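Colleague: Line order of the protein sequences matches chains A and B.
Anchor point for the first sequence: position 45 equals 45 in UniProt numbering, and the numbering is continuous, going up by one each time.
Anchor point for the second sequence: position 313 equals 313 in UniProt numbering, and the numbering is continuous, going up by one each time.
Virtual Cβ for every residue (Gly too), placed ideally from N, Cα, C.
The model shown is predicted, which means the values in this text are computed figures rather than measured ones.
Here it is, the structure, as structure tokens.
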Amino acid sequence: MRPRTTNGIVRPRTLQSSVLRGLLFLVLGLFCLYYLIPLIVMISTSLKSLTEIREGTLISLPREITFDAWSKAWESACVGVRCDGLKPFMWNSIAMAVPAVLLSTTLGAINGYALTKWRFPGANWIFALILFGAFIPFQVVLLPMARTLGQLGLAGTVPGLILVHTVYGLAFTTLFFRNFFIGVSDGIVKAAQIDGAGFFGIFFKIVLPMSIPAIVVTVIWQFTQIWNDFLFGVAFTIGDSNPVTVALNNVVNTSTGVKEYNVDMAAAIIAALPTMLVYVVAGAYFVRGLSAGSMKG
Amino acid sequence: MAAGIELKNVQKSFGNTEVIKGIDLNIEPGEFVVLVGPSGCGKSTLLNLISGLETLSGGDVTIGGKVVNNTPPRDRDIAMVFQSYALYPTKTVRDNITFGMQARRVPKAEQDAAVAAFSGLLQIDHLLDRKPGQLSGGQRQRVAMGRALVRDPDVFLFDEPLSNLDAKLRIDMRTEIKKLHLRLGKTVVYVTHDQIEAMTLASRIAVMDEGRIRQYGPPEEIYENPVDLFVAGFMGSPPMNMLPGRLLRTGDEVFVETGDDEARVRFPLPDAIANRIEVGNGHEVVLGLRPEAIFAAGTELPGADRFIFERPVEVVEPTGPDTMIVFGIGSVELIARVRPEDARDPGTPFSFEVDMSKAKLFDQSSGRSL
Ligand SMILES: Nc1ncnc2c1ncn2[C@@H]1O[C@H](COP(=O)(O)OP(=O)(O)O)[C@@H](O)[C@H]1O
Ligand SMILES: [Mg+2]
């Protein structure tokens with residue numbers, strides 16, 4: 001028999017505690033189901049044929065599994081007038097999200113490092129202003145941003161969208177890194193200064209290797225935000241340069257022809273896959289980094 | 001080569017708070033100077049001004065004959081050991097030690113030779129491939145020392161390097177630091193709030209309080225001739241007994257009258273002090289008596305200027321080699337250091353003998369030595 005303990009804390013083993021425990025798991029199970037049902041419905045619908053969807057109910061499982069809807073969503077569904085599926089738009093999103101995440105994370109890390117370890121007069125003011133940026137809603141920056149992109153000649157392009165996301169994301173990434181670095185001992189930076197390293201030498205050789213947890217959190221956050229963004233995408237790109245979120249909307253919201261629910265579901269899952277992937281890969285790494293517990297000197 | 005350090009009217013303010021209020025200090029090449037003082041008095045700040053980690057608000061810092069006011073830390077030829085060790089957590093011990101040489105592009109062979117030399121000396125050669133997180137406090141301390149030593153600088157700066165170690169290890173490392181200093185002969189500025197560390201290590205001690213240096217001199221001088229009540233009270237453990245009283249001149253004898261109506265003790269001042277002081281009858285003074293200057297009557301060889309009085313024992317505190325007896329005169333508590341076999345139970349009357357030639361006298365209002 002396994003001892004009934006949590007983290008090594010000894011608990012009483014009575015009938016009452018067993019019943020409570022059972023109840024706890026039941027409630028947890030129900031909640032899990034509640035959250036998983038939409039996903040299950042999406043997956044099962046995407047694997048059905050249109051006739052089966054029309055005849056069966058929403059929650060019935062597919063009688064015959066077919067991947068037609070997936071391949072259509074990927075390479076032949078019509079997005080507006082173009083019928084190449086989501087594929088080209090996925091590449092747009094990747095070409096936008098990867099540089100934007102890297103840029104905003106790197107710049108945020110440098111900002112956070114400068115704001116905590118190289119205190120300069122007015123640092124608090126600058127941080128307050130940056131923090132303010134984190135509370136500005138998307139809608140407010142739309143018009144000024146459109147003007148700026150127009151002036152820079154980047155309107156309607158993927159590089160333009162990268163710039164928008166980098167600038168808008170800086171407030172968050174700076175906040176994350178600043179809060180992480182504030183917990184890193186100043187002595188380490190002082191020691192490195194005496195050892196003869198400069199601003200960037202200390203940043204890249206000492207501080208950055210220590211901040212893997214902060215990097216992972218920031219990358220997950222930024223990637224999810226940027227990949228899932230619809231408003232900036234629809235406002236600042238046109239047609240061929242649309243990110244996948246905008247393309248997905250155009251697939252689902254076509255007003256012509258029959259509604260192909262299976263294709264819509266498959267398309268939605270495809271558009272969401274990269275964020276899940278990032279979360280699973282980076283999240284696992286994150287948890288490992290934390291439990292290794294070797295981040296503090 | 002060891003370099004001397006000279007501070008001239010050094011000042012530092014953070015915003016509106018003045019932390020260092022004009023310090024002059026002259027450190028000879030090869031000296032071991034300890035900055036000691038209560039925490040928050042500005043010791044670390046002063047050290048950081050010497051290292052260049054803080055910018056001066058006023059005055060001059062000279063190292064090895066060169067004014068370095070505007071020289072960044074890396075060009076001052078100094079090495080520093082921090083209280084929290086400040087090891088780089090993601091680097092191995094070896095890379096921690098060689099980071100400074102890497103930053104200065106020292107050839108690899110030279111780095112390896114330096115690591116080999118000092119890791120042996122500090123007994124950390126078996127730890128070179130570990131990360132700081134896998135080391136004990138004492139081992140981290142050694143690595144931090146190693147990182148400073150390999151640089152072979154002119155000046156070593158230590159900021160409370162031993163205060164995170166347990167008592168036993170602290171004493172061992174203290175001895176090792178002293179040996180290293182004798183062996184290398186480099187100039188050392190060492191910050192501590194521990195007066196025993198200061199006494200044992202220093203060639204000269206600078207006692208600091210509130211951003212000023214109260215007294216600067218060899219350990220014996222600081223201990224035997226403290227310039228004021230602050231220095232007298234700070235150095236020594238248990239601290240010096242401070243008895244407030246009035247000066248009493250009767251004929252050619254001079255006394256300090258202490259206590260209150262209930263218990264009054266008149267300490268006769270020895271000629272050496274009596275002839276020196278100029279203050280008049282009734283002047284308010286403080287009589288300073290170190291615990292070791294008060295012992296059980298008749299237990300030491302007789303000498304001049306002894307004075308015997310009787311008070312009841314209040315508390316007995318054995319420390320092993322000596323036993324501390326706490327007793328009162330008026331409202332003041334005093335500590336006497338007696339041999340363990342002379343101790344008596346609390347409440348019993350006890351005959352104390354004072355070596356008045358060791359007594360110090362201070363002015364009560366100014367706190368200065370008389
Ligand atoms: N960067 C700083 N900004 C503001 N005040 C500071 C700073 N560094 C130290 N101080 C203040 O200066 C005083 C002396 O500090 P410090 O030199 O660290 O004392 P010590 O090392 O003697 O304990 C303290 O009151 C501390 O609060
Ligand atoms: Mg300090």
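Which residues are close to ligand 2, meaning CB closer than 7 Å to any heavy atom, in chain order?
Modeller: In chain order, the hits are B:Ser39, B:Lys43, B:Ser44, B:Gln83, B:Asp159, B:Glu160, B:Val191.
Colleague: Across the segment 330-341 of chain B and the segment 300-309 of chain B, are there enough close Cβ pairs to call them in contact, namely three or more that are closer than 8 Å?
Modeller: no
Colleague: Please state whether the Cβ-Cβ distance between A:Ala282 and A:Val216 is less than 9 Å.
Modeller: Taking the first sequence and counting its residues from 1, the one referred to as residue 282 of chain A is at position 282. Taking the first sequence and counting its residues from 1, the one referred to as residue 216 of chain A is at position 216. Taking 9 Å as the Cβ cut-off, A:Ala282 and A:Val216 qualify as a contacting pair.
Colleague: Shorter than 8 Å, the distance from the beta carbon of B:Thr17 to the closest heavy atom of ligand 1, or not?
Modeller: Here the question's residue 17 of chain B lines up with position 17 in the second sequence. Because some heavy atom of ligand 1 lies under 8 Å away, the Cβ of B:Thr17 counts as near it: yes.
Colleague: So that I know if they touch, is there some Cβ in chain B lying closer than 9 Å to that of A:Met90?
Modeller: Here residue 90 of chain A is taken as the residue at index 90 of the first sequence, counted from 1. No, no contact with chain B.
Colleague: Locate the beta strand (DSSP E) running through B:Ile308, then write down its first and last residues.
Modeller: Taking the first residue of the second sequence as 1, we reach residue 308 of chain B at position 308. Counting along the chain, the beta strand (DSSP E) containing B:Ile308 begins and ends at 306-312.
Colleague: By the DSSP assignment, the alpha helix (DSSP H) with B:Pro318 in it spans what residues?
Modeller: Within the second sequence, residue 318 of chain B is the residue found at index 318, counting from 1. No alpha helix (DSSP H) contains B:Pro318, which is instead part of the beta strand (DSSP E) from 315-318.
Colleague: How about the segment 60-78 of chain A and the segment 182-191 of chain A: do they share at least three Cβ pairs that are nearer than 8 Å?
Modeller: As far as the Cβ criterion goes, the segment 60-78 of chain A does not touch the segment 182-191 of chain A, which means the pair count is below three.
Colleague: Short check: CB of B:His283 to CB of B:Leu247, under 9 Å?
Modeller: The residue you call residue 283 of chain B lines up with position 283 of the second sequence. The residue you call residue 247 of chain B lines up with position 247 of the second sequence. Against a cut-off of 9 Å, the Cβ pair of B:Leu247 and B:His283 comes out as a contact.
Colleague: Can you list, in chain order, the residues of the segment 198-209 of chain A whose Cβ is nearer than 7 Å to any Cβ on chain B?
Modeller: Gly201, Ile206, Pro209
Colleague: How about B:Ala336 and B:Phe362: do their beta carbons lie closer than 9 Å?
Modeller: For the purposes of this step, residue 336 of chain B is taken as the residue at position 336 of the second sequence. For the purposes of this step, residue 362 of chain B is taken as the residue at position 362 of the second sequence. 9 Å or more divides the Cβ of B:Ala336 from the Cβ of B:Phe362.
Colleague: For the segment 98-118 of chain B, list every residue whose C-beta sits within 8 Å of some C-beta in chain A, in sequence order.
Modeller: Hits within the stretch, in order: Phe99, Gly100, Ala103, Arg104.
Colleague: Determine, using beta carbons only, whether B:Met80 comes closer than 9 Å to chain A.
Modeller: Taking the second sequence and counting its residues from 1, one reaches residue 80 of chain B at position 80. Chain A, which has a Cβ nearer than 9 Å to the Cβ of B:Met80, makes this yes.
Colleague: Could you check if B:His181 is buried or exposed, using at least 16 other CB atoms within 10 Å of its CB as the buried criterion?
Modeller: Here residue 181 of chain B is taken as the residue at index 181 of the second sequence, counted from 1. Label assigned to B:His181: buried.
Colleague: Roughly how many angstroms lie between the CA atoms of A:Ser294 and B:Glu176, to the nearest whole one?
Modeller: Counting from 1 along the first sequence, the entry for residue 294 of chain A is found at position 294. Counting from 1 along the second sequence, the entry for residue 176 of chain B is found at position 176. The pLDDT assigned to A:Ser294 is 44, lower than 50, so where the model puts this residue is not dependable, and the model offers no usable value.
Colleague: Alpha carbon to alpha carbon, what distance is there between B:Lys12 and residue 344 of chain A?
Modeller: Residue 344 of chain A is absent from the structure shown; chain A starts at 1 and stops at 297.
Colleague: Alpha carbon to alpha carbon, how far is A:Phe120 from B:Thr71? Give it in angstroms, no decimals.
Modeller: Sequence index remark: in the second sequence, residue 71 of chain B carries index 71 (1-based). Sequence index remark: in the first sequence, residue 120 of chain A carries index 120 (1-based). Taking the straight line from one Cα to the other gives about 18 Å.
Colleague: Would you kindly work out how many angstroms separate the C-alpha atoms of B:Val81 and B:Arg151, rounded to a whole number?
Modeller: For this step, residue 81 of chain B is matched to residue 81 along the second sequence. For this step, residue 151 of chain B is matched to residue 151 along the second sequence. Approximately 12 Å, taken between the alpha carbons.
Colleague: Quick one: measure Cβ to Cβ for B:Pro29 and B:Ala3, integer angstroms, because I've assumed they're closer than 8 Å.
Modeller: Looking up residue 29 of chain B in the second sequence gives position 29. Looking up residue 3 of chain B in the second sequence gives position 3. The Cβ separation is near 6 Å, so the contact holds.
Colleague: Quick test of your reading: B:Lys8 and B:Asp60, contact by CB under 8 Å. State the CB separation rounded to the nearest angstrom.
Modeller: Taking the first residue of the second sequence as 1, we reach residue 8 of chain B at position 8. Taking the first residue of the second sequence as 1, we reach residue 60 of chain B at position 60. With a Cβ gap of about 4 Å, B:Lys8 and B:Asp60 count as contacting.
Colleague: Relative to the alpha-carbon of B:Lys91, which residue among B:Leu135, B:Thr319, B:Asn275, B:Ala296 has its alpha-carbon at the smallest distance?
Modeller: In the second sequence, residue 91 of chain B corresponds to position 91, counting from 1. For the residues B:Leu135, B:Thr319, B:Asn275, B:Ala296, the minimum Cα distance to B:Lys91 belongs to B:Leu135.
Colleague: Given this structure, state the Cα-to-Cα distance separating B:Phe267 from B:Asp125, to the nearest angstrom.
Modeller: Mapped onto the second sequence, residue 267 of chain B falls at position 267. Mapped onto the second sequence, residue 125 of chain B falls at position 125. One C-alpha to the other measures close to 60 Å.
Colleague: Given a limit of 8 Å on CB to CB distance, which residues of the segment 211-224 of chain A reach chain B?
Modeller: none
Colleague: Out of B:Lys168, B:Leu184, B:Gly236, point me to the one whose CA is closest to B:Val207's CA.
Modeller: Taking the first residue of the second sequence as position 1, residue 207 of chain B is located at position 207. In terms of CA proximity to B:Val207, B:Gly236 leads the group B:Lys168, B:Leu184, B:Gly236.
Colleague: Near B:Arg368, what residues of its chain come up, given a Cβ to Cβ distance below 6 Å and the 5 sequence neighbours on each side ignored?
Modeller: The residue you call residue 368 of chain B lines up with position 368 of the second sequence. Once the five neighbours on either side are set aside, the close Cβ partners of B:Arg368 are Asp228.
Colleague: Give the residues from the segment 62-93 of chain B that approach chain A closer than 7 Å (Cβ to any Cβ), ordered along the chain.
Modeller: Pro73, Arg74, Ile78, Ala79, Met80, Phe82, Ser84, Ala86, Leu87, Tyr88, Pro89, Thr90
Colleague: Checking 9 Å against the spacing of the C-beta atoms, do A:Phe203 and A:Ala109 come in under that value?
Modeller: Residue 203 of chain A sits at position 203 when you count from the first residue of the first sequence. Residue 109 of chain A sits at position 109 when you count from the first residue of the first sequence. Their beta carbons are under 9 Å apart, which means A:Phe203 touches A:Ala109 by this criterion.
Colleague: Specify whether the segment 89-108 of chain B and the segment 132-147 of chain B touch according to this definition: at least 3 beta carbon pairs, one from each stretch, less than 8 Å apart.
Modeller: yes
Colleague: Do you know offhand how far A:Cys83's Cα is from A:Thr173's?
Modeller: Residue numbering aside, residue 83 of chain A sits at position 83 when the first sequence is read from its first letter. Residue numbering aside, residue 173 of chain A sits at position 173 when the first sequence is read from its first letter. Spanning the two alpha carbons is a distance of roughly 38 Å.
Colleague: Can you tell which of A:Val81, A:Thr51, A:Ile220, A:Trp91 has its C-alpha closest to the C-alpha of A:Ala284?
Modeller: Here the question's residue 284 of chain A lines up with position 284 in the first sequence. Closest option to A:Ala284, Cα to Cα, is A:Ile220.
Colleague: Since B:Ile5 and B:Val155 should fall inside the 8 Å C-beta cutoff, what is the C-beta to C-beta distance between them, to a whole number of angstroms?
Modeller: Within the second sequence, residue 5 of chain B is the residue found at index 5, counting from 1. Within the second sequence, residue 155 of chain B is the residue found at index 155, counting from 1. About 7 Å separates the two Cβ atoms, so the contact holds.
Colleague: Could you confirm whether any beta carbon from chain B is found closer than 9 Å to the beta carbon of A:Gly112?
Modeller: On the first sequence, residue 112 of chain A is found 112 positions in, with the first residue counted as 1. Not one chain B Cβ lies under 9 Å of A:Gly112.
Colleague: Is A:Arg11 helix, strand or coil by DSSP?
Modeller: Along the first sequence, one-based indexing puts residue 11 of chain A at 11. DSSP places A:Arg11 in coil when its eight states are reduced to three.
Colleague: Report the three-state DSSP secondary structure of A:Met295 (helix, strand or coil).
Modeller: Counted from its first residue, the first sequence places residue 295 of chain A at position 295. Residue confidence is low: A:Met295 scores 43 on pLDDT, short of 50, so the model does not pin down where it sits. Its coordinate-derived value is still stated next. The answer is coil: DSSP assigns A:Met295 none of H, G, I, E or B.
Colleague: Just to confirm, are B:Arg249 and B:Phe230 a CB contact at a threshold of 9 Å?
Modeller: The residue you call residue 249 of chain B lines up with position 249 of the second sequence. The residue you call residue 230 of chain B lines up with position 230 of the second sequence. The Cβ atoms of B:Arg249 and B:Phe230 do not sit closer than 9 Å to each other.
Colleague: Using CA coordinates, which residue listed in A:Glu52, A:Phe25, A:Val81, A:Arg54 is at the minimum distance from A:Asp240?
Modeller: Along the first sequence, read from residue 1 onward, the residue named residue 240 of chain A stands at position 240. Nearest C-alpha to A:Asp240 among A:Glu52, A:Phe25, A:Val81, A:Arg54: A:Val81.
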